[in-house]
Each structure stands twice: as structure tokens, then as C-alpha cells.
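Residue numbers (my numbering), protein chains in the order written: chain A, 7 to 123; chain B, 58 to 170. Reading through the C-alpha cells given below for one structure.
Right, dumping it as C-alpha cells:
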């Protein structure tokens, strides 16, 4: 069964360093998302991406964050200068389609755990 | 603003039915979801329901939606130890915001033998 894959599964970085988290969404999906889950807190929406541009972003998604689809398969989240409070699990997701319509089924990857020291 | 509330903990005996409840505030919710998260793992989509439906059944899972009370529930029949996990309720407000989900805090379900 197709799935959303994410790398790395765990990354440890120093405060102020740049981090890139990578995702490969399911192949025929067109809408992509990043969410994060700080330990013990709710899963929070960060950004949605469609047709090579951001379609919606939350207040969390400030200038330190950026997303990119550098080729036909990868979808990346970059944090330019990490802060301690960026430590979280980051989930990539994509929404399935039936023909030309979105079905509403949102599939998540296994997550990338980011630890900022 | 939108909010999704769940009870934090549920303990159930193996073989019994579990019922996990969720309330939401956004009356324009279109899709409502249940996700399962096992320790250290990702979010597994269990089932979802469109807001024009009252009920959806999928094997051991039954979702009930009461739009008037903005109440969503997930019933797991014949609960197994493998059902121990955190269960998240989530909703998406409109079809203009595909995939922008508002999550509850999750209900920790512990299944005892």
C-alpha cells in the first residue's frame, strides 16, 4: 500500500543551525502538508502546499520556515535557524484523490523527530 | 476559534467495547477524522466521516456524528490489546481548507487483559 515516507526519523541539531526535513508524499497526490507535535501537546497545522506554492499557513509558520518541492517526488520543510522551541515531531501529509477530486483522506508519514540543543 | 475536545484517558477490558468521545465547536466542519498513534509512531488514519452522514461503520469501528450537539464518537468493538494507543479526533472546517485539520489533544486508551 502506498505511504508517505519521511527522513530522517530523528535529527539532533544545535540551536541556530539550519535543518531540512524531507518527505515523499504518495505519488498521485497533489496537496501536501506539514504538521508538528510538540511533546505532550496537540498536533498543529503548519502549512499546506499545492501547485508549487503555499496555499495556507498558520501563525507558527513564520519567516524561519520554508517549504519546497524541488523535484517531482520530494517535499521539504526547512527551518533556517532552529530554536529550542522548534523541538517537536514533524509530520508530513498528503491528501488522496479519486479522479480529479480530493477524497478527504489525509495520510500522514511516520514523522521526523527534531531535537534542538 | 475552532476547538476540539476529548477526554484524556480511557481504560477498557479486552473483549469489551470502547467508546471515545469528541466535541467540536466549528459548525461548518466538513470532514471529521479519527487517527490512531502508537508510541513513537506516526498518525494512522482509522476512519473519517463527511458531515452529511450520521454514522459510518468499518469492521470493528463505528463512527457516530451528532451535528446538532457537535459530538463525534468512535466505538471499537471487541477491543484488543493492540488497540492500546492514543486516539485523536480532528476536523477540517471547510472544503476550501483541504487537509488543514484541527486536532484534539488525544485520548489515551489502555486495554487490560
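Backbone N, C-alpha and C define an ideal beta-carbon position, used for all residues, glycine too.
Along the length of the region 90-139 of chain B, whole alpha helix (DSSP H) runs at least 4 residues long do not occur. Looking at the backbone, the Cα of residue 127 of chain B and that of residue 91 of chain A are separated by about 33 Å. Within the model, the alpha-carbon separation for residue 150 of chain B versus residue 86 of chain A is close to 31 Å. In the three-state reduction of the DSSP assignment, residue 90 of chain A falls in the helix class. Annotated three-state conformation of residue 154 of chain B is helix, per DSSP. For residue 97 of chain A, the C-beta contacts it makes with chain B under 7 Å involve 99 and 100, in order along the chain. In its chain, beyond the 5 residues on either side, 149 have a beta carbon closer than 8 Å to the beta carbon of residue 156 of chain B.
Counting of Cβ neighbours within 10 angstroms places residue 47 of chain A among the exposed residues, the total staying below 16. Residue 10 of chain A sits in coil when the DSSP states are folded into three classes, being neither helix nor strand. Residue 120 of chain A has a beta carbon lying at 8 Å or more from every beta carbon in chain B. Distance from the CA of residue 115 of chain A to the CA of residue 51 of chain A, rounded to the nearest whole angstrom, comes to 14 Å. Closest in alpha carbon position to residue 160 of chain B, among B/91, B/85 and B/71, is B/91. Rounded to the nearest angstrom, the gap between the Cα atoms of residue 62 of chain A and residue 27 of chain A is 19 Å. Shortest Cα-Cα distance from residue 135 of chain B to any of B/62, B/63, B/69 and B/60 involves B/69.
Secondary structure remark: continuous beta strand (DSSP E) runs of at least 3 residues inside the region 17-101 of chain A, in chain order: 25-30, 37-43, 49-56, 59-63, 71-74 and 81-85. A straight line joining the alpha-carbon of residue 102 of chain B with that of residue 99 of chain A spans about 11 Å. In the three-state scheme derived from DSSP, where H, G and I count as helix and E and B as strand, residue 117 of chain A is classed as coil. Here DSSP, grouped into helix, strand and coil, assigns residue 62 of chain B to strand. Following the DSSP letters along the chain, one finds residue 162 of chain B in no beta strand (DSSP E), marked with neither H nor E. The Cβ-Cβ distance between residue 108 of chain B and residue 125 of chain B does not fall below 8 Å.
When only Cα atoms are considered, residue 110 of chain A and residue 101 of chain A end up about 7 Å apart. When the five nearest sequence neighbours on each side are left out, the beta carbons in the same chain lying within less than 7 Å of the beta carbon of residue 22 of chain A are those of 87 and 88, in order along the chain.
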